[in-house]
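Residue 182 in the UniProt record's numbering is what sits at position 182 of the sequence shown, and the numbering runs on without skipping anything. No residue lacks a Cβ here, since even glycine has one placed at the ideal position from N, Cα and C. In this text the structure is predicted, and so the values were computed from the model without any measurement. Worksheet: the structure to be examined is printed underneath.
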Amino acid sequence: MDEVTCLTFHPTKRNVLASGSTDGLMNIFDLTQSSEDLALTSSLNTESSVDRLGWLTDDSLWCTTHTHLQLWECEGACAYETFARSHLAVSRKDDPDNCYLVKFHTTNVFGQPFLLAGSSTVTRENLRCLSIRENCLETCYEIIGNKQIVRDSWIHEKSGSLVTVGEKGIINVWRQAESPTQRDSDHKLLTKIGNGRDRHHRIKPY
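What follows is the structure, given as structure tokens:
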């Protein structure tokens, strides 16, 4: 049996649920129906294990696999937009093999929906927000001060903050900030306003 990796309810139709699983399928269910067979309204094949998914609009979904961002119409036979790790290498210093996807955010808190993505180098951990423009990914925010590979993120709408967590166990809070360096850059900046690390209940290996 294939493992379900993520679930998300429709933002306005509370009886509609989308699921993603390791078999690469995104299934959409009508929970008002009496059986699973009747409830299944659409099944979309991403051809890769689904890591995360969410609603773009009333009739479309986004999903991330370990290597791709895909955008789907609920009734579509295939994704209408697909971005691979090679598309994440927006800087000449980026190696596509060391680029990774974190999460797609549909909020307009930072002015537009964006994909949070990162890349690792010998000297630093890069993190940036990428927007979709004319079938390409472009940097809309550089995130300054990240020191870990990020594995999840969340938007706090009220404060306009981006919260990230990663492999070093650090929770960072990022917010838009004006900086003198921004005058010399095409990209806006997100700067760290706080961080925390869970130092309690750590198990020592020896």
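In the DSSP secondary-structure assignment, F9 is bridged to L17. Annotation for H156: the continuous beta strand (DSSP E) segment containing it runs 150 to 156. L189 is the residue among A18, L189, T41 whose C-alpha sits nearest the C-alpha of I144. In the three-state scheme derived from DSSP, where H, G and I count as helix and E and B as strand, S91 is classed as coil. Distances from the CA of Q112 to each of L137, P96, R124, L88 were compared; the closest alpha carbon is that of L137. E47 carries a coil assignment under DSSP once its states are collapsed to helix, strand and coil. Within a 10 Å sphere around the beta-carbon of L101 sit 16 or more other beta-carbons, which makes this residue buried. Take the alpha-carbon of Y80 and the one of W62: they are about 10 angstroms apart. Cβ contact annotation for P96 (same chain, cutoff 6 angstroms, sequence separation greater than five): R85, S86, A89, in chain order.
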